[in-house]
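For reference, the structure is listed below as structure tokens.
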């Protein structure tokens, strides 16, 4: 997890470049499931870094934007709520201390293999989201 002071296109591009070049340099394809924040687009890479470099990075990505309504929001809410209660439940005056606190919380969550029991099936989605995904049959 990377902590930034803001959520700009430049911040997002920097994080994605680090993901591709530092964390998964040998991966052929990296699948990103992201929310619909306006900075979370491949255009942000092209606006931030040289075009050839942006093209190389985009070529390694498979981007899936999550629905604006759905169970993934519940999972994200559970995690951010836990972060708030377990780590950020007090005033932290220094940005570097904030970064260290978040990194320690993240390391603990990963070490404990914390997860969410996803129970929303494809069949449930077909019923619940029929307006968004109309049937192509008949």
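In the working numbering, the protein residues as written are 8 to 145.
Beta carbons: idealized from backbone N, C-alpha and C, even for Gly.
Top-ranked residue by Cα proximity to residue i, from the options
i, options, result
"residue 67", "122, 46 and 23", "23"
"residue 89", "42, 131, 116 and 71", "116"
"residue 123", "41, 87, 97 and 132", "87"
"residue 91", "130, 137, 112 and 25", "112"
Local Cβ density within 10 Å of residue i, reported as buried at 16 or more and exposed below that
i, result
"residue 85", "exposed"
"residue 51", "buried"
"residue 83", "exposed"
Beta carbon of residue i nearer than 8 angstroms to that of residue j
i, j, result
"residue 38", "residue 49", "no"
"residue 20", "residue 55", "yes"
"residue 94", "residue 108", "yes"
"residue 69", "residue 36", "yes"
"residue 44", "residue 13", "no"
"residue 34", "residue 71", "no"
"residue 61", "residue 53", "yes"
Rounded C-alpha distance that separates residue i from residue j
i, j, result
"residue 18", "residue 28", "15 angstroms"
"residue 99", "residue 11", "15 angstroms"
"residue 132", "residue 126", "11 angstroms"
"residue 47", "residue 96", "28 angstroms"
Unbroken beta strand (DSSP E) run spanning residue i, endpoints
i, result
"residue 29", "Run containing residue 29: none; DSSP gives neither H nor E here."
"residue 38", "37 to 41"
Element boundaries [alpha helix (DSSP H), containing residue i]
i, result
"residue 64", "58 to 66"
"residue 52", "49 to 55"
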